[in-house]
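Chains as they are written, first to last, in our numbering: chain A, 1 to 362; chain B, 1 to 278.
Where a beta carbon is used, it is the ideal one built from N, C-alpha and C, also for glycine.
Treat the numbers as computed from the prediction; the structure is a model and nothing was measured.
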Ligand code: HEM
């Protein structure tokens, strides 16, 4: 019975399913925000879910091997903190949204909140308290769990798996689906530029200085999609579900380095020329990659134009041309990540455009 | 027993000692205010203290609420301070050379008394990344990046990037397998930088006549690692960046960040928070 459950859970954590479930869970949390924040049972379940998952899973010996690594403990803690604070902010937002609907100001705008208080002692004391609590946490943690030290560095001996530092595991995961120049250079650059651009792209004047969801639904959802799904979830996956050879292992599966995973990835050009047209690959790269290039041009050039007159029309009108061009491209890059993941998982697509002649693959 | 009563009177009580002490020239030269229990002295304590003067004298009550700020920015800053202190202590025991780095780590673990400095430094670093992310999340969800705070958000993103670089450069220093290979995986990416990496697209364009400009011995990865692989040159480079280069930039940006929190009208709020305060 337990074995069956574990097999089921291992299946559930298959990247394609787990990613889908994460997206659905985040969407559902915002869609059913009233129940999630006001029904005590649901609320406790949501907030406690990471704790429950780690506490129960720790009984499994295979999971325990990964969980007990000292460097993985903060990641488990992070999963809890991220879920808790997302939920907590949503609760404050729902309260405020209710007030706003009743024609009252958000809680942060109550006259008593506008009252001025002295920084000494009020703020200085709460800072001191925070400082004390964090110090205690840090000292206790440091006494209980020694920092690990592995074998001395040896350039001849590559460990399997070789993992980047945990906060870069999202990028290492993306590296499976994108060439290094994209996953390691272009996408990180776009993440940084994209984050910095947020204040200049978001033209919605509402929701400045108080928690709200209803006044800025798409902004919040978009940010959380990037943060919770494409960052936190991928860090979790990279830490606990990626083993030797960066293969997928269910949470309760033994990390067997000899696990065989068929590698049958196919380029888009092979799909089209060889499988559908049945005439084999042309030798000149421009002809060979013609369809992929058209597809990418369509995605990055035609699609934003079309979106501007359909789904994103509201944004286009609010933002103006310049902002919209930047916004739509950042958005399309972000969405390309899950698109490529799903295509790899379903039809084994490797690259849309593959020009090894120029080390250029998308 | 009247002598005892006399003695008591002469010696005084701790609160008398304290008030006597605050009347000495030494005390007065350091603190230019009386006990901060009235408005005037509460203002003075903040204004005359270089550490406290990052704060305003008075603020809206709402900015005080832990439910609003989660205190995450403050905790991140505190962790940074704590990392600086433990980092300085660690530097006493550590030599960034291939020969010494690893044995120094072993010594540190085995023979340094009260040895939790490495732990405090490592767990503090993990924690700081998490708190900086959460701080960003709260700033986003309260819309605090909206005017007039746009620029401070940008400064914040730079701080986030530097926090990650702090951790990444520190990762190499224990010089164990985990360190070497995590940094190898991370820095391999640089090889693929367009135009600037030996295996990046467009690298063929970077030629002078027949001479390629970008090779494994001259690309960005080489600059980062001071070599073709993670070796002693990389160790020294990462050490200097970790202990000097990044902190230098970080502290400057931190000063800008805090200054701007105040100049942009204090912690954000729905009311007058949007106005520029001078
Ligand atoms: C090393 C990292 C950082 C430190 C030590 C830090 C520190 C602080 C502190 C102490 C505050 C005062 C309010 C609070 O505690 O919430 C603050 C406010 C702020 N931070 Fe940061 N921060 C850091 C990183 C960031 C990042 C990554 C962002 C965003 C991307 C950011 C954006 C802001 C903004 C916009 C404010 C003003 C918020 C308001 O007025 O409500 N900071 N920061």
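Report the residues of the segment 194-212 of chain B with a CB closer than 8 Å to any CB of chain A, ordered along the chain.
Answer in chain order: 194, 197, 199, 200, 201, 202, 203, 204.
Thinking C-beta only, is residue 150 of chain A closer than 7 Å to residue 238 of chain A?
no
For residue 149 of chain B, verify whether its CB is less than 6 Å away from any heavy atom of the ligand HEM.
yes
If you count every other CB in all the chains shown that lies within 10 Å of the CB of residue 79 of chain A, and 16 or more means buried, which is it?
buried
DSSP-derived helix/strand/coil call for residue 137 of chain B:
helix
Expressed to the nearest angstrom, what Euclidean distance is found between the alpha-carbon atoms of residue 276 of chain B and residue 27 of chain B?
Only weak support exists for where residue 276 of chain B lies, its pLDDT of 37 falling under 50; the coordinates are left without a value.
What residue does the beta strand (DSSP E) around residue 323 of chain A start on, and which one ends it?
Careful: residue 323 of chain A lies outside any beta strand (DSSP E), inside the alpha helix (DSSP H) at 321-347.
N-terminal and C-terminal residue of the beta strand (DSSP E) that residue 40 of chain A is part of
From DSSP, residue 40 of chain A is part of no beta strand (DSSP E) but of the alpha helix (DSSP H) over 40-57.
From the DSSP output, in three-state form, read off residue 230 of chain B for me.
coil
What is the DSSP secondary structure of residue 92 of chain B, counted as helix, strand or coil?
coil
Leaving aside the five residues before and after residue 64 of chain A along the sequence, list all residues of the same chain whose C-beta is less than 6 Å from its C-beta, in chain order.
58
Can you give me, in chain order, the residues of the segment 97-119 of chain A that have a beta carbon less than 9 Å from any beta carbon in chain B?
105, 106, 107, 108, 109, 110, 112, 113, 114, 115, 116, 117, 118, 119
If you follow the alpha helix (DSSP H) that residue 258 of chain B is part of, which residue opens it and which one closes it?
246-263
Top-ranked residue by Cα proximity to residue 75 of chain B, from A:201, A:128, A:50
A:128
Host beta strand (DSSP E) of residue 354 of chain B (start-end)
Residue 354 of chain B is absent from the structure shown; chain B starts at 1 and stops at 278.
Segment contact flag, the segment 131-140 of chain A with the segment 316-330 of chain A, C-beta cutoff 8 Å, min 3 pairs:
no
Check the Cβ of residue 163 of chain A against every Cβ in chain D and list those closer than 7 Å, keeping chain order.
Looking at the structure shown, chain D is missing, and the protein chains on hand are A and B.
To the nearest angstrom, report how far apart residue 63 of chain B and residue 308 of chain A are at their CA atoms.
39 Å
Residues of its chain near residue 21 of chain A, where Cβ-Cβ distance is below 8 Å and the 5 sequence neighbours each way are ignored:
12
When every heavy atom of the ligand HEM is checked, does at least one fall within less than 6 Å of the C-beta of residue 296 of chain A?
no
Per DSSP, what kind of secondary structure is residue 8 of chain A in: helix, strand or coil?
If DSSP states are grouped into helix, strand and coil, residue 8 of chain A belongs with the helices.
How is the beta strand (DSSP E) around residue 350 of chain A delimited, first residue to last?
Under the DSSP assignment, residue 350 of chain A falls outside any beta strand (DSSP E); it carries neither an H nor an E label.
Span of the beta strand (DSSP E) around residue 116 of chain A:
Looking at the DSSP string, the run of the beta strand (DSSP E) that includes residue 116 of chain A is 116-118.
Does the CB of residue 50 of chain B have a neighbour CB from chain A at under 7 Å?
no
Residue range of the alpha helix (DSSP H) that includes residue 246 of chain A
Per DSSP, residue 246 of chain A belongs to no alpha helix (DSSP H) and is neither H nor E.
Reference residue 212 of chain B, options B:225, B:224, B:195, B:227, closest by Cα:
B:195
Count the other CB atoms within 10 Å of the CB of residue 278 of chain B; is the residue buried (16 or more) or exposed (fewer)?
Interpretation of residue 278 of chain B is limited by its pLDDT of 36, a score under 50 that renders its predicted location unreliable; no figure is taken from the coordinates.
Contact set between residue 46 of chain B and chain A, taken where Cβ atoms lie within less than 7 Å
119, 120
CA-CA distance, residue 357 of chain A and residue 197 of chain B?
16 Å
Please state whether DSSP places residue 266 of chain A in a helix, a strand or coil.
strand
Does DSSP put residue 278 of chain B in a helix, in a strand, or in coil?
Reliability fails at residue 278 of chain B, whose pLDDT of 36 lies under 50, so the model's placement of it is uncertain and the value that follows must be treated cautiously. Coil.
In terms of alpha-carbon separation, which member of A:304, A:46, A:288 lies closest to residue 28 of chain A?
A:46
Is the shortest distance between the beta-carbon of residue 358 of chain A and the beta-carbons of chain B less than 7 Å?
yes
For a test of the three-state rule: what should DSSP assign to residue 50 of chain B, helix, strand or coil?
coil
Within-7 Å CB hit, residue 81 of chain B to chain A:
no
Rounded to the nearest angstrom, what separates residue 158 of chain A and residue 144 of chain A at their Cα positions?
30 Å
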